[in-house]
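Residue numbers (my numbering): 27 to 565.
Note that the Cβ used here is the ideal one computed from N, Cα and C, for glycine as well.
Please read the structure below before turning to the comments.
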């Protein structure tokens, strides 16, 4: 291809030519073949290949001495065209279709007027379809493309079809727009499309669109092979199976969200706390209550106040071990007892409670209090159950590790716990002895600390010494990561007038001095907007 002289793009164009030639050769291509096909000097071809191999764009087969596309090409294709969960959800179904048919199965996504091959599961036969990953094909002459078109909204489909240039690639290619629209209506009604040797003579395939729960078309699955094995009659039988597989993939996908800018995280409290913890949103007064556990005090943050930075509501004489809202009061565990803090900051003692051994507690339904206590003098084991204000306790689960935070979900009747030693989020269902491990974070990511449940069912955790907070979905998959300007977040709470804010308490006490220079806001309360939440809180 012509090179623009003097603009510095010659080497880039040659490298792209190399990638295209290698991508078009499923069995690989040698250095000599590339040099001959592209009319390149052997030394130039060698330098380009060495660079592309070093960057992961190509890989070299040392036995056959040929080059193939490298892992970075496939990774970039996945990032560019699909949500990360699409390939994972589709792989099981691709293998199932391959095992059912013996033929090669593909995952593809729409890109402009073409479909791009994103994943492939090779068939069992020596003679089989072998389209390269990343290969682009016209949307009107493939089963994948026609299936995607048939599942699109009519306005979007009509606009796309009007832009197509319907060129004949084989005698069977549809080149009439009215005929194409008629076939798309048939495909929409039956749920799958057939490519009857319309793009490559002697190759047939059947495909079905992947549509998520929100109705968004995410891609397509297809089965392809030689026409003598995939007869029209066989494809008519396989079509419903492919459509069912595509529906199962779509059902696993989370709804697509518009890309958003990084969350704006801002400090909203001054002065800082030695160890902020236990935030709770007081919906009656539209303010956040939290504690400094080491300079014992209960603090408030009122975002609607003329001076929202907040301050101390009550000063205490012992370190704070936990708090929860109870009616108009704030119940605070400190020392071996409970203290009730009134809205005006006055305190009254509720007496001894749980022998001062409580690891964590939270409000449940009505007047229930869920608590986690050490199972014995060995504090590495924990019992979780219902506590009463007078100090009674009914154990329901026993764990071999400590629990740092508890949160009750009223919507689904589940109790969530954070277990820092294993980095796990645990789920308890009252009435059953089983404990489910929802998700686990490696210790190198930070220490799992605190819990918050948002109105859409997300589970938020802080990573102490991990500089971030995470949101998990109910199935345990990681939904998002939000970076913080401080290393030690300690706990979280959902709040705000529309429950659209996430509040994060942080610690300063254990942050090294050299790190404080980079994280001077350590110990502050942080606020960030939380998008895509519903109208009712879970807890």
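Taking the Cβ atoms as the reference, residue 488 lies roughly 15 Å from residue 432, outside the contact range of under 8 Å. In this structure residue 430 is buried. Its beta-carbon is surrounded by 16 or more other beta-carbon atoms within 10 angstroms. Measuring C-alpha to C-alpha distances from residue 470 to each of 477, 395, 493 identifies 493 as the nearest.
Annotation: residue 443 to residue 226 spans about 56 Å, alpha carbon to alpha carbon. For residue 330, the secondary structure class from DSSP, reduced to helix, strand or coil, is coil. A direct Cα-Cα distance of roughly 21 Å separates residue 38 from residue 159.
The three-state reading of DSSP puts residue 374 in strand, counting E and B together. The alpha-carbon of residue 198 is positioned some 12 Å away from that of residue 192. Every candidate alpha helix (DSSP H) stretch fails here, since none sits fully inside the region 380 to 465 while reaching 4 residues. Using a C-beta cut-off of 8 Å, the region 293 to 304 makes no contact with the region 125 to 141, since fewer than three inter-stretch Cβ pairs fall below that distance. Straight through space, the alpha carbons of residue 456 and residue 149 are spaced by roughly 48 Å.
C-alpha of residue 320 to C-alpha of residue 346: approximately 7 Å in a straight line.
Looking at the DSSP output, residue 350 bridges to 357.
The Cβ atoms of residue 200 and residue 233 do not sit closer than 8 Å to each other. Contact annotation: residue 399 and residue 383 have beta-carbon atoms nearer than 8 Å. Taking a C-beta distance under 8 Å as the contact criterion, residue 521 and residue 307 qualify as a contact pair. The DSSP assignment places 97 to 107, 110 to 127 as complete runs of the alpha helix (DSSP H) inside the region 81 to 165, in order along the chain (cut-off: 4 residues). Residue 217: not part of any alpha helix (DSSP H); DSSP gives it neither H nor E. In the structure shown, the three-state DSSP call for residue 323 is strand. Of all alpha-carbon atoms in 250, 254, 273, the one lying nearest the alpha-carbon of residue 241 is that of 273. The alpha carbon of residue 532 has as its nearest neighbour, out of 229, 523, 551, the alpha carbon of 551. DSSP, reduced to helix, strand and coil, places residue 202 outside both helices and strands of the structure shown, so it counts as coil. Counting along the chain, residue 47 sits inside the alpha helix (DSSP H) bounded by residues 36 to 49.
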